[in-house]
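Line order of the protein sequences matches chains D and X. Take the first sequence: its position 201, counting from 1, is numbered 201 in the numbering used here, and each next residue is one higher. Take the second sequence: its position 484, counting from 1, is numbered 484 in the numbering used here, and each next residue is one higher. Using N, Cα and C, we set each Cβ at its ideal position, and we do this for glycine too. Since the model is a prediction, treat every value here as computed from it, not as a measurement. Here is the structure we will look at.
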Amino acid sequence: MKSAVVPTVFVIDDDGGIRQAIQDLVESVGLRAETFATGGEFLKRPRTAEPSCLVLDVRLPQMSGLEFQQELAEVGVRVPIIFITAHGDIPMSVKALKSGAVEFLTKPFRDQDLLDAIQQALQRDRAAREQLAEINDLQERYRALTTREREVMALVISGILNKHIAAKIGASEATVKIHRGRLMEKMRADSLIELVRMGDKLDLSRR
Amino acid sequence: MGSWASRDLGIRWSDDLDIYWSDEVYNIFGFDPKTGPPKLQDFVSAIHPQDRARLSEAIKTMHEQRCKCDLTSRVVRPDGEIRFVRCVGFPMVEDGVFQGYHGTTMDVTEQELLTQELRREQAYLSDAQSMAHIGSWAYNLLTGELLHSSDENARLYGFDPSGGPIPAERLFDTQHKEDAPWVNAALAKAAREGTDFYLPEFRIWHTDGRIRFLRAIGHRNASGEPGEYVGVTMDITERKRAEEERERLRQLESELAHTTRVNMMGELAAALAHEIKQPIAASVTSANALLRWLAHDPPDLERARAAAARVDREGNRAADIINSLRAFYKTGTPGERQLVDVRGTIEEMRVLLQTEAARYSVTIRTELKSDSPDILADRVQLQQALMNLMLNAIEAMREGGGVLTISSGANSEGHLIVSISDTGVGLPADGADSIFEPFHTTKPQGTGMGLTITRSIVESYGGKVWFTANQGSGATFHFTLPGGAEARA
């Protein structure tokens with residue numbers, strides 16, 4: 001494991017018995033759990049840095065779990081969701097899974113099914129977080145570039161030769177080479193291929 | 001009947017016309033024979049003013065043309081009584097020479113009144129037939145001769161009766177192709193065996209081009225010629241349409257009632273399932289966690305114990321939910337119990353389920369003894385228990401009908417006992433004990449909750465419900481409910 005941080009499993013269910021049972025099960029396999037009776041309580045809690053996932057009951061007092069899933073997406077909280085329900089039907093589960101849920105379990109569920117789904121959800125969150133961290137890192141490096149360097153970088157990754165770049169920006173080929181060397185260094189790119197990949201991640205081609 | 005003669009009439013016009021009256025004629029007119037034959041003037045004066053002109057005209061015609069006459073006029077007697085008098089006169093001719101008139105005079109008052117009465121009756125009958133769309137006829141099945149056909153009988157087929165009698169063939173021509181074979185077969189059979197016939201419903205093509213539904217009843221006229229029948233034919237088109245409409249509505253109503261019942265039970269079951277699954281899921285998950293704590297090395301007994309406590313608690317919670325559901329049937333809210341008129345409630349249920357029963361040709365009978373105690377109960381719950389048992393009884397007789405008997409009375413302890421008996425298919429020999437279990441059903445669309453709910457209600461009052469097989473056919477369900485005073489205590 002990359003870090004020693006313990007992932008957190010959030011549980012939202014209006015039934016106290018279910019909350020306690022899931023918390024206990026999650027803790028028995030060495031994970032952290034935090035439980036909430038409503039979606040509102042969960043939203044009030046500050047976001048965590050460590051990987052996490054959400055076990056969400058479909059039937060909640062104020063809004064349904066499916067509606068809450070929508071709301072999370074709208075407010076930009078990206079957390080993998082595992083739905084649990086005491087009377088799920090197929091259309092409901094299809095809808096949940098289409099909206100990006102990891103799993104849809106009906107109560108009573110097999111403990112291993114829930115734990116597997118939790119592991120899968122945490123894995124997904126971890127990957128998403130790593131990707132996000134990498135992008136943040138790249139953005140920081142990119143911000144350190146001068147305007148001219150950004151201009152050159154865009155032209156380089158679009159596959160234009162140095163001399164054509166020089167003509168385009170009205171500078172000598174030697175100057176372009178200097179810009180290019182410096183931006184490669186600032187972006188910590190070892191090769192043109194790596195720079196192109198960074199450009200993709202930064203979504204430069206769309207800018 | 002009296003006779004008269006006149007030597008002058010037709011020969012020489014005079015005031016007395018040399019007339020002779022027999023005593024009976026005097027009698028008919030209320031004249032005195034001693035005063036001699038009346039003058040023509042007196043004679044005419046005795047005639048009712050409305051008939052006078054006609055009679056004078058007739059006498060004149062006889063005189064001028066020497067023809068015979070037959071005329072009925074009203075005579076107003078001196079005492080004011082009105083009689084219908086028929087006068088018939090014949091010219092007398094001897095050896096080719098006209099000799100005057102002779103004739104008869106008779107009092108036809110009784111006959112005339114009867115005729116008038118008959119005419120009135122006929123008019124009434126004709127009106128009635130026309131209003132009821134019932135035509136009468138007399139027909140010889142062997143000769144095919146239509147002996148009588150009332151105006152309405154012709155109109156049933158769309159023919160105009162004022163154009164004279166309608167030949168039988170024209171009536172038969174209107175037969176619907178699909179009905180003609182059996183109608184003709186039924187008529188042929190009746191003719192062969194000399195029995196009455198009944199055609200409950202057959203179709204004809206009315207002259208307006210539309211189909212009509214008719215019904216005919218024929219009665220063998222024993223005093224008539226062989227094959228002679230008298231009968232009536234009626235138009236049942238309207239009635240049939242109305243019946244179809246009513247049947248359709250009844251069907252809808254019944255389906256709706258059933259759907260509501262099924263839906264209600266379905267929703268109840270779904271809600272129940274959800275409520276019970278929650279603690280069960282919590283219990284199962286806690287048990288899983290417990291096993292995992294035990295599998296730790298070393299086993300985490302503290303956490304395992306806590307998990308075990310939750311297994312226990314959640315298991316009990318599931319049981320509590322089920323118990324509270326029973327309590328829901330048990331009491332309702334306090335204060336809903338009131339003294340219920342049991343016999344009145346049973347009668348109400350009978351009225352309520354009358355239509356449903358009639359659909360399956362089930363007759364509902366009640367035998368409510370006057371010692372049936374009124375009980376302290378929730379009236380709606382009692383209705384529900386009765387309805388479930390009665391619907392089951394009707395259901396048991398839906399193939400072939402039967403009799404549903406509800407009896408009520410007091411048992412040896414003075415408790416109310418109600419028995420609902422059917423003459424239906426009875427209960428299966430095996431597994432009859434399981435019929436009170438939830439979701440046990442023998443019906444394709446049954447919910448299996450009817451008897452469960454009934455038992456729950458009855459037992460909540462400290463009563464008992466059971467069943468016995470009938471000696472003949474069917475089954476009887478009984479339930480007891482403690483009397484009002486005891487339930488209150």
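For leucine 25(D), the residues of chain X that pass the 9 Å Cβ criterion are Thr285, Ser286, Asn288, Ala289, Arg292, Ala307, in the order they occur in the chain. Alanine 475(X) places its beta carbon less than 8 Å from that of aspartate 422(X). Using a Cβ distance threshold of 8 Å, isoleucine 420(X) and methionine 390(X) count as a contacting pair.
Looking at the DSSP output, histidine 219(X) bridges to Val230(X). A direct Cα-Cα distance of roughly 41 Å separates serine 460(X) from valine 11(D). For tyrosine 198(X), same chain residues with a beta-carbon under 7 Å away, outside a window of 5 residues either side, are Ile217 in chain order.
Following the DSSP letters along the chain, one finds isoleucine 236(X) in no alpha helix (DSSP H), marked with neither H nor E. Residue-level contact check: glutamine 70(D) does not touch chain X, since none of the beta carbons of chain X fall below 8 Å from its beta carbon. Just so you know, the alpha carbons of alanine 222(X) and glutamate 228(X) end up roughly 8 Å apart. The beta carbon of histidine 206(X) sits no closer than 8 Å to any beta carbon of chain D. DSSP places valine 75(D) in no alpha helix (DSSP H); its state is neither H nor E. Ranked by Cα distance from alanine 289(X), the first of Ala308(X), Ile276(X), Gln278(X), Ala273(X) is Ala308(X). Against aspartate 113(D), chain X offers no close residue; the least beta-carbon distance is about 10 Å (beta-carbon pairs closer than 8 Å). For glutamate 314(X), the neighbours in chain D by C-beta distance under 7 Å run, in chain order, Gly17. At a cut-off of 8 Å between C-beta atoms, alanine 96(D) does not count as an interface residue with respect to chain X. Out of Val79(D), Arg124(D), Gly65(D), the CA that lies nearest to the CA of lysine 95(D) is found in Gly65(D). Note on geometry: alpha-carbon atoms of glycine 231(X) and glycine 163(X) lie some 22 Å from one another.
Here the C-alpha atom of histidine 274(X) lies approximately 51 Å from the C-alpha atom of methionine 198(D). The C-alpha of glutamate 244(X) lies about 22 Å from the C-alpha of threonine 363(X). Using a C-beta cut-off of 8 Å, the region 234 to 242 of chain X makes contact with the region 127 to 137 of chain X, since at least three inter-stretch Cβ pairs fall below that distance.
Around the beta carbon of cysteine 87(X), 16 or more other beta carbons sit within 10 angstroms, so the residue counts as buried. Put simply, the backbone Cα of leucine 113(X) is about 29 Å away from that of tyrosine 20(X).
When C-alpha distances from serine 473(X) are compared across Leu55(X), Val403(X), Thr207(X), the shortest belongs to Val403(X). If you compare the alpha carbons of Asn162(D), Asp13(D), Asp203(D), His87(D) with that of lysine 177(D), the shortest gap goes to Asn162(D).
Within chain X, the C-beta atoms nearer than 8 Å to that of glutamine 20(D) come from Ala282, Ser286, Arg310, in chain order. Annotation: glycine 144(X) to leucine 187(X) spans about 11 Å, alpha carbon to alpha carbon. A direct Cα-to-Cα measurement between lysine 107(D) and aspartate 300(X) gives close to 26 Å.
Fully contained in the region 62 to 106 of chain X are the following beta strand (DSSP E) runs of length 3 or more, in chain order: 69 to 76, 82 to 94.
When secondary structure is reduced to three states using DSSP, valine 29(D) falls in the coil class, being assigned neither helix nor strand. The region 310 to 317 of chain X makes no contact with the region 342 to 359 of chain X, as fewer than three CB pairs between them are under 8 Å. At a cut-off of 8 Å, the C-beta of valine 29(D) has a neighbouring C-beta in chain X. For a cut-off of 8 Å, the C-beta gap from isoleucine 22(D) to threonine 285(X) is around 6 Å, short enough to register as a contact. The alpha-carbon of valine 196(D) is positioned some 45 Å away from that of aspartate 111(D).
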